[in-house]
Amino acid sequence: MGTGVQEQRATLTQGEGSYEGLKHTRSVLNSLFSGALAGALAKTAVAPLDRTKIIFQAYRLIYRTYLKNGFLSLWRGNSATMVRVIPYAAIQFCAHEQYKELLGGYYGFQGNVLPPFPRLLAGSMAGTTAAMVTYPLDMVRARMAVTPKEMYSNILHVFVRISREEGLKTLFRGFTPTMLGVIPYAGLSFFTYETLKKLHLERSGRPQPYSYERLAFGACAGLLGQSASYPLDVVRRRMQTAGVTGHTYGTILGTMKEIVSEEGVIRGLYKGLSMNWVKGPVAVGISFTTFDMTQILLRKLHQIRLGNNDTERGKRG
Numbered sequence: 000m001g002t003g004v005q006e007q008r009a010t011l012t013q014g015e016g017s018y019e020g021l022k023h024t025r026s027v028l029n030s031l032f033s034g035a036l037a038g039a040l041a042k043t044a045v046a047p048l049d050r051t052k053i054i055f056q057a058y059r060l061i062y063r064t065y066l067k068n069g070f071l072s073l074w075r076g077n078s079a080t081m082v083r084v085i086p087y088a089a090i091q092f093c094a095h096e097q098y099k100e101l102l103g104g105y106y107g108f109q110g111n112v113l114p115p116f117p118r119l120l121a122g123s124m125a126g127t128t129a130a131m132v133t134y135p136l137d138m139v140r141a142r143m144a145v146t147p148k149e150m151y152s153n154i155l156h157v158f159v160r161i162s163r164e165e166g167l168k169t170l171f172r173g174f175t176p177t178m179l180g181v182i183p184y185a186g187l188s189f190f191t192y193e194t195l196k197k198l199h200l201e202r203s204g205r206p207q208p209y210s211y212e213r214l215a216f217g218a219c220a221g222l223l224g225q226s227a228s229y230p231l232d233v234v235r236r237r238m239q240t241a242g243v244t245g246h247t248y249g250t251i252l253g254t255m256k257e258i259v260s261e262e263g264v265i266r267g268l269y270k271g272l273s274m275n276w277v278k279g280p281v282a283v284g285i286s287f288t289t290f291d292m293t294q295i296l297l298r299k300l301h302q303i304r305l306g307n308n309d310t311e312r313g314k315r316g
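Residue numbers (numbering that gives the first Met the number 0): 0 to 316.
Here it is, written out as structure tokens:
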């Protein structure tokens, strides 16, 4: 009899473990899908502004580019952006959920909003993880955005030509400033968004903000995050596009010194920041809102499916 009870307990334990594993897998897949959709919608919405910003950082040719190639040229490189931003956003949002869970367990805040420092750390780690995995695609996007259409025919051509003419190491040029920049950018973005949602809950008593409130929270998050990391964003773009601009930027400090000596601090390291203040809040607001709303929708669909399954079992019983 004791053996039978033990076997029953073992079966229940295995069943619970299997259920938890399926639940975790579904959560990861939901986060990946929601993040990918969030990134794609956000970047497509601000593609013209993003294109303009990159050109503004690398050249003083925005007006001539518009006159020469037309309005639709501002979306050039958007296909490369999608190739990069979909995996980047999917990994970043999914990693953020996993880091929150991990840090929550470590700090004893499982299921609750993390304390300030772990909240900041989770965002920084998520951004760093996504940037490391997708960096070559960011390099390719920058090249396609600042070069004539005739130079590169497609994304694969960029990879092949850079590798052949400049070496594989070129695909990782600007990697260090990217990593240094993404720490404050992602950290502050996620921290601000999560903090504003927490304050909203405490003040209003509503667990779920309205969509326009999420957009506002995301806009604030984008404004703070991108402003804090902007000089490093300029540096990485200059290093990424050095092969086609005639410069030989080597190190972060060397690039900064050259930019400051030639253009000054404000006009050099903060060139295009006003455009970023338009683009950044819109993109991040759309991104965070899309992720949250997609997550909520997927959870509701899952609950409906479970309810239908229970009803079907009841009928059979």
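Where a beta carbon is used, it is the ideal one built from N, C-alpha and C, also for glycine.
Please read all numbers here as calculations on a predicted model, not as lab measurements.
Per-residue DSSP class, three states only, for Gln302
As a working mapping, residue 302 is identified with position 303 in the sequence shown. Gln302 falls in the helix class under three-state DSSP.
Would you report the Cα separation of Leu305 and Asn68, rounded to the nearest angstrom?
Walking along the sequence shown from the start, residue 305 turns up at place 306. Walking along the sequence shown from the start, residue 68 turns up at place 69. Taking the straight line joining both Cα atoms gives about 53 Å.
So what does DSSP say about Tyr151, is it helix, strand or coil?
Translated into the one-based positions of the sequence shown, residue 151 becomes position 152. Coil.
Where Asn68 falls: helix, strand or coil (DSSP)
Start at 1 with the first residue of the sequence shown, and residue 68 comes out as number 69. The three-state reading of DSSP puts Asn68 in helix, counting H, G and I together.
When you compare only the Cα positions, how much space is there between Ile182 and Leu120?
To locate residue 182, count along the sequence shown from 1; it is residue 183. To locate residue 120, count along the sequence shown from 1; it is residue 121. Looking at the two C-alpha atoms, the distance is approximately 9 Å.
Grab the span of the alpha helix (DSSP H) containing Phe189 for me, first residue to last.
Here residue 189 corresponds to residue number 190 of the sequence shown, with the count starting at 1. It spans Phe174 to Ser203 - the alpha helix (DSSP H) in which Phe189 sits, taken as one unbroken run.
Residues near Arg160 by beta carbon distance below 7 Å, same chain, minus five either side:
In the sequence shown, the residue the question calls residue 160 occupies position 161. Excluding residues within five positions, the ones whose Cβ falls inside 7 Å are Tyr151.
Rounded to whole angstroms, how far is the Cβ of Leu136 from the Cβ of Val82, which I believe are closer than 8 Å?
Indexing the sequence shown from 1 puts residue 136 at position 137. Indexing the sequence shown from 1 puts residue 82 at position 83. About 6 Å separates the two Cβ atoms, so the contact holds.
Per-residue burial, Ile85 [other beta carbons within 10 Å of its own, 16 or more giving buried]:
The count along the sequence shown starts at 1 and reaches residue 85 at position 86. Label assigned to Ile85: buried.
Pull up the CB-CB distance for Gly224 and Tyr184, whole angstroms please, since I reckon it's below 8 Å.
The residue given as residue 224 occupies position 225 in the sequence shown. The residue given as residue 184 occupies position 185 in the sequence shown. Sure, about 5 Å apart at Cβ, within 8 Å.
His156 classed as buried or exposed, judged by whether at least 16 other C-beta atoms fall within 10 angstroms:
Here the question's residue 156 lines up with position 157 in the sequence shown. Here His156 is exposed. Its C-beta has fewer than 16 other C-beta atoms within 10 Å.
Restricting to Cα atoms, I'd like to know which of Val234, Ala220, Glu311 and Met274 is closest to Gly122.
Stepping through the sequence shown from its first residue, residue 122 is reached at position 123. Nearest C-alpha to Gly122: Ala220.
By the 10 Å Cβ neighbour count, where 16 or more other Cβ atoms means buried, how is Arg237 classified, buried or exposed?
By one-based count along the sequence shown, residue 237 stands at place 238. So Arg237 counts as buried.
As a quick exercise: from Leu113, Asn308 and Ala241, pick the residue whose alpha carbon is nearest that of Arg172.
In the sequence shown, residue 172 corresponds to position 173, counting from 1. Ranking Leu113, Asn308 and Ala241 by Cα distance to Arg172 puts Ala241 first.
Provide the residue span of the alpha helix (DSSP H) that contains Ile258, from first to last.
Within the sequence shown, residue 258 is the residue found at index 259, counting from 1. Residues Ile251 to Glu262.
Suppose the cutoff is 8 Å on Cβ atoms and the five residues either side in sequence are ignored; what does the same chain contact list for Val4 look like?
In the sequence shown, counting from the first residue as 1, residue 4 sits at position 5. Any reading at Val4 needs caution, since the residue's pLDDT is 47, under 50, leaving its predicted position unreliable; the model's value is listed next. No residues qualify anywhere along the chain.
By DSSP, does Asn307 sit in helix, in strand, or in coil?
Numbered from its first residue, the sequence shown carries residue 307 at position 308. Reduced to three states, the DSSP call for Asn307 is helix.
Status (buried if at least 16 other CB within 10 Å, exposed otherwise) for Phe116
In the sequence shown, residue 116 corresponds to position 117, counting from 1. Exposed is the call here.
If we call anything under 9 Å between Cβ atoms a contact, is Ala37 one with Ile285?
Residue 37 sits at position 38 when you count from the first residue of the sequence shown. Residue 285 sits at position 286 when you count from the first residue of the sequence shown. A contact, by the Cβ cut-off of 9 Å.
Candidates Ala130, Ala35 and Tyr98: which alpha carbon is nearest Phe190's?
For the purposes of this step, residue 190 is identified with residue 191 of the sequence shown, where counting begins at 1. Checked all of Ala130, Ala35 and Tyr98; the closest Cα to Phe190 is Tyr98.
DSSP three-state call for Leu21: helix, strand or coil?
Looking up residue 21 in the sequence shown gives position 22. Assigned with DSSP and collapsed to three states, Leu21 falls in helix.
Could you tell me whether the segment 100 to 109 touches the segment 187 to 203, using the rule of 3 or more Cβ pairs below 8 Å?
no
Please name the residue in Glu165, Asn29, Leu21 and Ile251 whose C-alpha comes closest to that of Gln91.
In the sequence shown, counting from the first residue as 1, residue 91 sits at position 92. Ranking the options by Cα distance to Gln91, first place goes to Asn29.
Just mark Arg298 as buried or exposed, buried being the case when its beta carbon has 16 or more other beta carbons within 10 Å.
Counting from one through the sequence shown, the residue named residue 298 turns up at place 299. Burial call: exposed.
For Val234, the three-state DSSP class (helix, strand or coil):
The count along the sequence shown starts at 1 and reaches residue 234 at position 235. It is helical.
Out of Thr80, Leu21, Ala88 and Asn111, point me to the one whose CA is closest to Phe32's CA.
The residue labelled residue 32 in the question sits at position 33 within the sequence shown. Ranking the options by Cα distance to Phe32, first place goes to Ala88.
Return the CA-CA distance between Met255 and Val234, expressed in angstroms with no decimal places.
Translated into positions along the sequence shown, residue 255 becomes position 256. Translated into positions along the sequence shown, residue 234 becomes position 235. One Cα belongs to Met255, the other to Val234, and the distance between them is close to 7 Å.
With DSSP run on the structure shown, which of helix, strand or coil describes Pro117?
On the sequence shown, position 118 is the one that residue 117 refers to. In this structure, Pro117 counts as helix in the three-state DSSP scheme.
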